[in-house]
Structures are given as C-alpha cells and as structure tokens.
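First comes the structure, then the notes that go with it.
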Amino acid sequence: MKSTAELAAEQAAFWNGPGGQGWLASIERIERGIGDFGTAALVAANARPGEKVIDVGCGTGGTTWALAQAVGSTGHVLGVDISGELIAAARTHRIPNATFELGNAATYPFAAASCDLVFSRFGVMFFGDPVAAFRNFQQALKPTGRLLFVCWRKPAENPWGLVPLRAAAPFLPPLPRPGPEDPGQFAFGDRARVERILKESGFCALSFTPLDQPVFMGQTIADILENTGRFGPLARAFAEATAEQIEKAKAAIAEALKPHATAEGVRLPGACWLVGAQASSGASAG
Ligand SMILES: C[S@@+](CC[C@H](N)C(=O)[O-])C[C@H]1O[C@@H](n2cnc3c(N)ncnc32)[C@H](O)[C@@H]1O
Numbered sequence: 016m017k018s019t020a021e022l023a024a025e026q027a028a029f030w031n032g033p034g035g036q037g038w039l040a041s042i043e044r045i046e047r048g049i050g051d052f053g054t055a056a057l058v059a060a061n062a063r064p065g066e067k068v069i070d071v072g073c074g075t076g077g078t079t080w081a082l083a084q085a086v087g088s089t090g091h092v093l094g095v096d097i098s099g100e101l102i103a104a105a106r107t108h109r110i111p112n113a114t115f116e117l118g119n120a121a122t123y124p125f126a127a128a129s130c131d132l133v134f135s136r137f138g139v140m141f142f143g144d145p146v147a148a149f150r151n152f153q154q155a156l157k158p159t160g161r162l163l164f165v166c167w168r169k170p171a172e173n174p175w176g177l178v179p180l181r182a183a184a185p186f187l188p189p190l191p192r193p194g195p196e197d198p199g200q201f202a203f204g205d206r207a208r209v210e211r212i213l214k215e216s217g218f219c220a221l222s223f224t225p226l227d228q229p230v231f232m233g234q235t236i237a238d239i240l241e242n243t244g245r246f247g248p249l250a251r252a253f254a255e256a257t258a259e260q261i262e263k264a265k266a267a268i269a270e271a272l273k274p275h276a277t278a279e280g281v282r283l284p285g286a287c288w289l290v291g292a293q294a295s296s297g298a299s300a301g
C-alpha cells in the first residue's frame, strides 16, 4: 500500500506532467463537457459581493473568473493549483480581484478564519490525505464560512466514464484497481466516505445534492479518441499498454460510442454530487 506522501507525489507529478498538459490541450472540449456542472456548483455556492473565496484546484481559472465577477471589486478570489502549467494559463486572465498561487491546496498556508467560501469544481478528489486537506480548508474559513464543491459519483453512475473503460478493458493490461482511499477522478463517488472525511475535518451541516445531466464528450468519435487516455483510470492503463493494445482499445471505444454519436456531438449520462457544508455549527446556511 502506498503512503499518503507517495499518493500526493504521484498526483503532483501527474498534474505537472501529462494531466496538466492534457487538461490544457483539451480545455475547450472540457469546458463544454463539465461547464454545466460548474455552473450549477457556482449557483449553489452563491458567492456574494465583498466575499473572500478560495478556488481549490482552480486549473486554468474558469470558475475563479466567475467567482471574481460575483464577489466584485470589494471581494477577492484566491485560486490555488498544484499544476505549474495550469496556474500559468490561469494567470493570463489578469483578473483584477483574483490571485493565482501555485501550491498544494492540502498544505497551503491559508490565513486562518479569513475566507467566506471554499469552492471547487472537480478539484478536491486528488489529495493523498483528504482529511488533512479539508482540515486546512476548514481552518481557512471564518466560523460563518461555507464549503461547496462538485465531484463525480461512482463510475457505475457515470456512463461517460464507464462505457469507454468497459469497451477498452479486454485489450489492455489489467486495469489498476485503485484502493478505496486512493486519490483520483472518482475518489469521492462514495457518499459515506465523503461524509466521513468532512466530519473528521470539522465540517458540519453537510448536504449532498445529486446532479444528473449528459456529459458532452466530443463533437465526433475521432475527437474523443484523440483525447482518450489522458485522465482517470484509462490514463493509468494506457501508460502501461503497447501501441497495438492502445489501437485495439481505441477501436473498441469507437464501436461502443457509435450509438451515442449525434450531429450535436457525443453525449453520455453523467452523475455528480453538489456537496455543501458549514465551517461551524453556529453558522446559518449560505
Ligand atoms: C479535474 S481538474 C479541475 C480543474 C478546474 N477546477 C476546472 O474545473 O477546470 C483537477 C485540478 O486539481 C488540481 N489539483 C490536484 N491536486 C491538487 C492539490 N493537491 N492542490 C491543488 N490543486 C490540485 C489539478 O492540477 C487540476 O487542475
């Protein structure tokens, strides 16, 4: 079993290597794919003028920009990401009331009790020690502060991830089976685990709102195949596969996606949680 430090180092290497490069290269398609989930999360987060916000795992800063608009010139958003490449891209937005910092959000020295909202769009599933990370966010929040993030539910509820994986698996080396506590794209699929992490890190008044909607995977199957294997379980499998195995796996994915191809692109069902919590039990709902 890997230590939490090893798991964290693996994630840092991934997001500073193929993960960050792949995210940047596919950002337009990704925005079309997860933009609606992010919009729902931003609505639920309800950032207000004058608030101080942290955007965890902010990537190229799309949600940081939206949060900065919401808090206005009297508020501020701090976007933190572990990927040098993505933070560099985020800084090009030059948002006057936002700052982007390169760092591990799990251990970043946020000023204590300084912020109103900790937000994340799919950026909190990658910590080696999630309880320590969420403790860090909890202590950064004012007692009246709140947490709101969106994360994927289990793979079985997310055909956009499962259909390609099932189609490709017979042609690839045995897929690594992540342990129940390992970080990764679907690491927060188990609601009971997320509840445990948040409670152990000091959050209260937890809420889990299911959000089910189609995920745009690409305009054409060829577009999707170009990006296949960049993230999630297939990235690990492709890293160990031969070129011939990858070719066969991609052909199988193309077959499996054919029934879902339309003139408006390829969409498959997706399922997320909008997870909310309060920093302290005395706080009213945000
Ligand atoms: C799935 S991407 C989401 C990016 C962004 N929130 C968005 O929605 O476009 C996950 C992000 O989390 C970042 N990340 C992973 N582990 C992190 C950590 N320990 N601290 C800060 N950022 C992290 C990655 O670099 C990546 O940008």
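Numbering-wise (the working numbering), the sequence shown opens with residue 16 and increments by one.
Don't be surprised by glycine CBs; every beta carbon is placed ideally from N, CA and C.
Worksheet item: Whole-angstrom Cβ separation of residue 293 and residue 51, contact assumed at under 8 Å?
Response: For the purposes of this step, residue 293 is taken as the residue at position 278 of the sequence shown. For the purposes of this step, residue 51 is taken as the residue at position 36 of the sequence shown. That belief does not hold up - the Cβ atoms of residue 293 and residue 51 are roughly 26 Å apart, past 8 Å.
Worksheet entry | Integer Cβ distance of residue 26 from residue 198, believed to fall under 8 Å | For the purposes of this step, residue 26 is taken as residue 11 along the sequence shown, with counting starting at 1. For the purposes of this step, residue 198 is taken as residue 183 along the sequence shown, with counting starting at 1. That pair is a contact at about 6 Å.
Discussion item. Using 8 Å for Cβ pairs, my map puts residue 94 next to residue 113. What's the rounded Cβ distance?
Written reply: Along the sequence shown, one-based indexing puts residue 94 at 79. Along the sequence shown, one-based indexing puts residue 113 at 98. Right, their Cβ atoms sit about 6 Å apart.
Practice prompt. For residue 140, I'd like the list of residues in its chain whose CB is within less than 8 Å of its CB, leaving aside the five on either flank, ordered along the chain.
Written response: Indexing the sequence shown from 1 puts residue 140 at position 125. Same-chain partners within the cutoff: 166, 167, 198, 199, 200, 201, 202, 203.
Worksheet item: Distance, Cα to Cα, residue 265 vs residue 280?
Response: Position 250 of the sequence shown holds residue 265. Position 265 of the sequence shown holds residue 280. Approximately 18 Å, taken between the alpha carbons.
Discussion item. With three or more beta-carbon pairs closer than 8 Å as the criterion, would you say the region 129-138 touches the region 64-74?
Written reply: yes
Discussion item. Restricting to Cα atoms, I'd like to know which of 163, 46, 146, 108 is closest to residue 84.
Written reply: Taking the sequence shown and counting its residues from 1, the one referred to as residue 84 is at position 69. Checking every option, the nearest Cα to that of residue 84 belongs to 108.
Discussion item. Here's the rule: buried if 16 or more other CB atoms are within 10 angstroms of the residue's CB, otherwise exposed. What is residue 257?
Written reply: Here the question's residue 257 lines up with position 242 in the sequence shown. Exposed, since its Cβ has fewer than 16 Cβ neighbours within 10 Å.
Item to complete: Go through its chain and collect everything with a Cβ distance to residue 22's Cβ below 6 Å, but skip five positions before and after it.
Response: For this step, residue 22 is matched to residue 7 along the sequence shown. So the qualifying residues of the chain are 143, 198.
Worksheet item: Would you say the beta carbon of residue 106 comes nearer than 7 Å to a heavy atom of ligand 1?
Response: Position 91 of the sequence shown, counted from the start, is the residue given in the question as residue 106. Because no heavy atom of ligand 1 lies under 7 Å away, the Cβ of residue 106 does not count as near it: no.
Practice prompt. Compare the beta carbon distance of residue 110 and residue 79 with 8 Å and say whether it is the shorter of the two.
Written response: For the purposes of this step, residue 110 is taken as the residue at position 95 of the sequence shown. For the purposes of this step, residue 79 is taken as the residue at position 64 of the sequence shown. Their beta carbons are under 8 Å apart, which means residue 110 touches residue 79 by this criterion.
Worksheet item: In chain order, what residues of the same chain lie with their CB nearer than 7 Å to the CB of residue 19, ignoring the 5 residues before and after it?
Response: Working through the sequence shown from its first residue, we reach residue 19 at position 4. Once the five neighbours on either side are set aside, the close Cβ partners of residue 19 are 143, 144.
Discussion item. Can you check which of these residues, 47, 175, 234, 115, is closest to residue 75 by C-alpha distance?
Written reply: What you label residue 75 is simply residue 60 of the sequence shown in a count that begins at 1. The shortest Cα separation from residue 75 among 47, 175, 234, 115 belongs to 115.
Worksheet item: Where does residue 17 land, buried or exposed, given buried means 16+ other C-beta within 10 angstroms?
Response: Here residue 17 is taken as the residue at index 2 of the sequence shown, counted from 1. It is exposed - the Cβ of residue 17 has fewer than 16 other Cβ atoms within 10 Å.
Discussion item. Residues in the same chain with beta-carbon distance under 7 Å from residue 253, minus the five sequence neighbours each way, listed in chain order, please.
Written reply: Taking the first residue of the sequence shown as 1, we reach residue 253 at position 238. So the qualifying residues of the chain are 244, 261.
Worksheet item: When DSSP labels each residue in this structure, what does residue 271 get in the three-state scheme?
Response: The residue labelled residue 271 in the question sits at position 256 within the sequence shown. Residue 271 falls in the helix class under three-state DSSP.
Discussion item. Between which two residues does the alpha helix (DSSP H) holding residue 212 run?
Written reply: For the purposes of this step, residue 212 is taken as residue 197 along the sequence shown, with counting starting at 1. Taken as a continuous stretch (DSSP letters only), the alpha helix (DSSP H) holding residue 212 covers 206-215.
Practice prompt. Look at the alpha carbon of residue 209 and the alpha carbon of residue 169, and state the distance between them as a whole number of angstroms.
Written response: As a first step, residue 209 must be located in the sequence shown, where it is residue number 194. As a first step, residue 169 must be located in the sequence shown, where it is residue number 154. Residue 209 and residue 169: Cα-Cα distance of roughly 12 Å.
Discussion item. Alpha carbons only, please: which of 152, 290, 36 is nearest the one belonging to residue 205?
Written reply: On the sequence shown, residue 205 is found 190 positions in, with the first residue counted as 1. Comparing Cα-Cα distances from residue 205 to each of 152, 290, 36, the minimum goes to 290.
Fill in: alpha helix (DSSP H) segment containing residue 223, residue limits
The residue you call residue 223 lines up with position 208 of the sequence shown. Residue 223 -> not in any alpha helix (DSSP H); beta strand (DSSP E) instead, spanning 219-233.
Discussion item. Run through the DSSP bridge pairs and tell me what residue 238 is partnered with.
Written reply: For this step, residue 238 is matched to residue 223 along the sequence shown. According to DSSP, which records beta bridges pairwise, residue 238 is partnered with nothing at all.
Worksheet entry | residue 156 CB to nearest heavy atom of ligand 1 below 7 Å | In the sequence shown, counting from the first residue as 1, residue 156 sits at position 141. For ligand 1, not one heavy atom lies less than 7 Å from the Cβ of residue 156.
Item to complete: Would you list, in sequence order, the uninterrupted alpha helix (DSSP H) runs of no fewer than 4 residues that lie entirely inside the region 111-164?
Response: 145-155
Worksheet item: If you measure from the CB of residue 26, is any heavy atom of ligand 1 nearer than 7 Å?
Response: Here residue 26 is taken as the residue at index 11 of the sequence shown, counted from 1. Distances from the CB of residue 26 to the heavy atoms of ligand 1 include at least one below 7 Å.
Discussion item. Following a CB-centred definition, is residue 286 positioned closer than 7 Å to any heavy atom of ligand 1?
Written reply: On the sequence shown, position 271 is the one that residue 286 refers to. Not under cutoff, so the answer is no.
Discussion item. Does the CB of residue 129 have a neighbour CB from chain B at under 8 Å?
Written reply: Included in the structure is just one protein chain, with no chain B present.
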